[in-house]
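There are 2 protein chains.
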Amino acid sequence: MHSWVDGVSADVLAVSNRGLAYGDGLFETLLVRGGRPRLFERHLARLLDGCQRLHLPLDSALLTEEAQRFATAMGDGVLKVIVTRGDAPRGYAIDPLAAPRRILQAAPLPAYPSAHAEEGVALFQCAMRLAEQPALAGLKHLNRLEQVLARSEWSDPRWAEGLMCDTSGRVIEGVYSNLFMVCDGRLCTPALARCGVAGVMRAELLAQAQALGMETLVADFSLDDLACADEVFVCNSVYGVWPVLTCGAARWQAGAVTRKLQRIARELLDA
Amino acid sequence: MHSWVDGVSADVLAVSNRGLAYGDGLFETLLVRGGRPRLFERHLARLLDGCQRLHLPLDSALLTEEAQRFATAMGDGVLKVIVTRGDAPRGYAIDPLAAPRRILQAAPLPAYPSAHAEEGVALFQCAMRLAEQPALAGLKHLNRLEQVLARSEWSDPRWAEGLMCDTSGRVIEGVYSNLFMVCDGRLCTPALARCGVAGVMRAELLAQAQALGMETLVADFSLDDLACADEVFVCNSVYGVWPVLTCGAARWQAGAVTRKLQRIARELLDA
Chain A
68 MHSWVDGVSA
78 DVLAVSNRGL
88 AYGDGLFETL
98 LVRGGRPRLF
108 ERHLARLLDG
118 CQRLHLPLDS
128 ALLTEEAQRF
138 ATAMGDGVLK
148 VIVTRGDAPR
158 GYAIDPLAAP
168 RRILQAAPLP
178 AYPSAHAEEG
188 VALFQCAMRL
198 AEQPALAGLK
208 HLNRLEQVLA
218 RSEWSDPRWA
228 EGLMCDTSGR
238 VIEGVYSNLF
248 MVCDGRLCTP
258 ALARCGVAGV
268 MRAELLAQAQ
278 ALGMETLVAD
288 FSLDDLACAD
298 EVFVCNSVYG
308 VWPVLTCGAA
318 RWQAGAVTRK
328 LQRIARELLD
338 A
Chain L
68 MHSWVDGVSA
78 DVLAVSNRGL
88 AYGDGLFETL
98 LVRGGRPRLF
108 ERHLARLLDG
118 CQRLHLPLDS
128 ALLTEEAQRF
138 ATAMGDGVLK
148 VIVTRGDAPR
158 GYAIDPLAAP
168 RRILQAAPLP
178 AYPSAHAEEG
188 VALFQCAMRL
198 AEQPALAGLK
208 HLNRLEQVLA
218 RSEWSDPRWA
228 EGLMCDTSGR
238 VIEGVYSNLF
248 MVCDGRLCTP
258 ALARCGVAGV
268 MRAELLAQAQ
278 ALGMETLVAD
288 FSLDDLACAD
298 EVFVCNSVYG
308 VWPVLTCGAA
318 RWQAGAVTRK
328 LQRIARELLD
338 A
């Protein structure tokens, strides 16, 4: 795995980095095709929003320039961007002089079975719940133990993703995806004001659906709501859209809305 | 800041380390005096409990040997032990072959004003709340953005610590300390089943108080309960015990129980 730290080829980081000490930072995972990072503007916007909420003074022009240069060298693959608050002595207090570190990592394109997109996937129902923390909700920050524990609940590849609820039992998202439902022709996705990651593909699909005149609803949903949906799919900015066929006892079929949004996602990622 | 990685002097770590990627690991902060890490058995026990809950296969004998050797070389200071799930490719799934990394860092003894212990401290009332996550409660894990954001709320040194409540409004702990109250002669401390760090000094003081025949109560407490307490103090395994004199509008005096436990803490740390 090739990587840069602050624009220079490097595969190590100071042990005093606050990304390690406290998970004090953010990340983005971008698909790179033909040397171009896809949905870059949306990824950058979310990252900058996170930086603002965490009081992390990122040089966005510098990061953009580095990411474009890194992606050109990559060609095809997955680009992970990590931004941390930099190196600092012990203690939670933020040193205003600490320079944020920009880490870029290249990984190969993931080898998902083509049936995931073509036919659909089964979701594992995770016992692990997402804690409700409005101050961090929506951010793709480096505090990801909930996802690590949730992902450790299953190893059988018949489950392509896991469904996560919050501690109050609301349906929220997949472990590494966002969740959509189609209910009476309306495109629905869980609100992420208390927990969850506000995914770039989620935002893009909501915007595209609205542009197509589709009704969209961002709200709280229960497992019963999910079971009653006409169509269900998961999405992220690497694989696009996967129809969901089962979760627990519930069964769905890949429907027309899912297929339409899947084509849109594919065009955005492959174009 | 001197450091070892896996028993060898090193100040860098692979950028692919899961401690950085996901905060996938745990830490301990130990006082070292005369080359001896204090309360080592309790620190190690908590670390191993955390490793079990995070499915992290730590070689405890090896870590113990390294920590003792590192502390001997340190003399006096603060030893931070970080254990991460090791280096791994992209993705939340745990690689059962990934070897956990052991990181030891030496820092100088903190220069707290002597008035903190002798007279007492004022607590800042943090707006940031602790999310309720039973799966991680009690652990000193590397997902510490809540503490980073809470600590960023004040910079005036007249506040030595910050008080944190959970999202339901229960009083939980300090940003880097545990909290005790004395109510009608009974030693009380918040239950940490939903959030918070189950501190080593907290466990030690509870055990010592019980051995002295003192009644102890570990339960849920509100800000009103806190305001009504006869004595309040914070503790951790580096500074011992600080009496709390104020928090918001509430006022307390350093009382006899606080002073007795402060002496006990000092003996444990200085002996």
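Chain order of the listed sequences is A and L. If you count the first sequence from 1, position 68 lands on 135 in the numbering used here, and the numbers rise without skipping. If you count the second sequence from 1, position 54 lands on 121 in the numbering used here, and the numbers rise without skipping. Every residue gets a Cβ at the ideal spot worked out from N, C-alpha and C, and that includes glycine. Note that this is a predicted model, so its numbers are computed, not measured.
Taking 6 Å as the limit between beta carbons, can you name the residues of its chain near residue i, skipping five residues before and five after?
i         : result
Leu284(L) : Arg253 and Cys255
Ala317(A) : Ala294
Glu95(A)  : His110, Leu114 and Val148
Ala204(A) : Leu259, Ala260, Arg261 and Cys262
For the beta strand (DSSP E) holding residue i, just list the boundary residues, first then last.
i         : result
Val72(A)  : Ser70 to Val72
Val79(L)  : Val79 to Ala81
Gln192(A) : Val188 to Gln192
Ala227(A) : Trp226 to Cys232
Gln172(L) : Arg168 to Ala174
Pro201(L) : From DSSP, Pro201(L) is part of no beta strand (DSSP E); its letter is neither H nor E.
Met248(A) : Asn245 to Cys250
Glu95(A)  : Gly92 to Arg100
Val301(A) : Glu298 to Asn303
Determine the chain A residues that contact residue i at a beta-carbon separation under 8 Å, and present them in chain order.
i         : result
Ile161(L) : Val215, Arg218 and Ser219
Glu199(L) : Ala198, Glu199 and Thr234
Gln172(L) : Val82, Ser83 and Arg157
Val238(L) : Neighbours of Val238(L) on chain A: none; closest Cβ ~18 Å, over 8 Å.
Asp78(L)  : Ala81, Val82 and Ser83
Met195(L) : Ala202
In whole angstroms, what separates the C-alpha of residue i from that of residue j?
i         : j         : result
Leu130(A) : Phe137(A) : 10 Å
Ala321(A) : Leu312(A) : 7 Å
Asn245(L) : Arg269(L) : 6 Å
Asp162(A) : His122(A) : 11 Å
His183(A) : Trp309(L) : 57 Å
Ser127(L) : Val150(L) : 11 Å
Gly74(L)  : Arg168(L) : 10 Å
Asn84(A)  : Val82(L)  : 11 Å
Ser70(A)  : Val79(A)  : 9 Å
Val72(L)  : Ile170(L) : 5 Å
Ala332(L) : Leu272(L) : 7 Å
Asp337(L) : Arg100(L) : 7 Å
Phe107(L) : Ile239(A) : 41 Å
Gly86(A)  : Gly153(A) : 7 Å
Val324(L) : Val299(L) : 10 Å
Gln329(A) : Glu185(A) : 10 Å
Gln214(L) : Ala166(L) : 28 Å
Lys327(A) : Gly187(A) : 14 Å
At 7 Å on the CB atoms, spell out the chain L contacts of residue i, in chain order.
i         : result
Ser203(A) : Before going further, note that residue 203(A) is Leu rather than Ser in the sequence given. What Leu203(A) touches in chain L: Leu212.
Ser70(A)  : Val82
His122(A) : Ser219
Which residues in the same chain as residue i place their Cβ atom closer than 8 Å to its Cβ, once the five residues preceding and following it in sequence are excluded?
i         : result
Arg225(L) : Ala189
Leu216(L) : Met195
Gly142(L) : Val99, Gly101 and Gly102
Label residue i either buried or exposed according to how many other C-beta atoms from any shown protein chain fall within 10 Å of its C-beta, with 16 as the threshold for buried.
i         : result
Cys295(L) : exposed
Leu164(A) : exposed
Pro257(L) : buried
Gln119(L) : exposed
Ala88(L)  : buried
Val264(L) : buried
Glu199(L) : buried
Arg139(A) : The sequence shown places Thr at residue 139(A), rather than the Arg named in the question. The residue in question, Thr139(A), is exposed, as its Cβ has fewer than 16 Cβ neighbours within 10 Å.
Leu197(A) : buried
Ser304(L) : buried
Leu279(A) : exposed
Pro104(L) : buried
Considering residue i, what are the terminal residues of the alpha helix (DSSP H) in which it resides?
i         : result
Phe64(A)  : Outside the shown range of chain A (68 to 338) lies residue 64(A), about which nothing can therefore be said.
Ile149(L) : Ile149(L) -> not in any alpha helix (DSSP H); beta strand (DSSP E) instead, spanning Gly144 to Thr151.
Gln329(L) : Ala323 to Asp337
Leu87(L)  : Arg85 to Tyr89
Arg261(A) : Note, Arg261(A): premise wrong, no alpha helix (DSSP H); not H, not E.
Thr131(L) : Ser127 to Met141
Val267(L) : Val267 to Ala278
Ala182(L) : Ser181 to Glu185
Arg218(A) : Leu212 to Arg218
Ala294(L) : Leu290 to Cys295
Taking C-beta pairs closer than 9 Å, name the residues in chain A that residue i reaches, listed in chain order.
i         : result
Tyr243(L) : Gly158 and Tyr159
Leu209(L) : Leu87, Ala88, Tyr89, Gly90, Leu209, Asn210 and Leu212
By Cβ distance below 7 Å, which residues in the same chain neighbour residue i in space, the five residues on each side in sequence not counted?
i         : result
Gly117(A) : Leu93, Leu206, Lys207 and His208
Using a Cβ-based criterion (distance less than 7 Å to any ligand heavy atom), does residue i qualify as near the ligand COA?
i         : result
Thr151(L) : With respect to the ligand COA, the structure offers nothing, as it holds no ligand at all.
Counting only Cβ-Cβ distances shorter than 9 Å, please list the residues of the segment 141-152 of chain A near chain B, keeping chain order.
Any reference to chain B falls outside this structure, whose protein chains are A and L.
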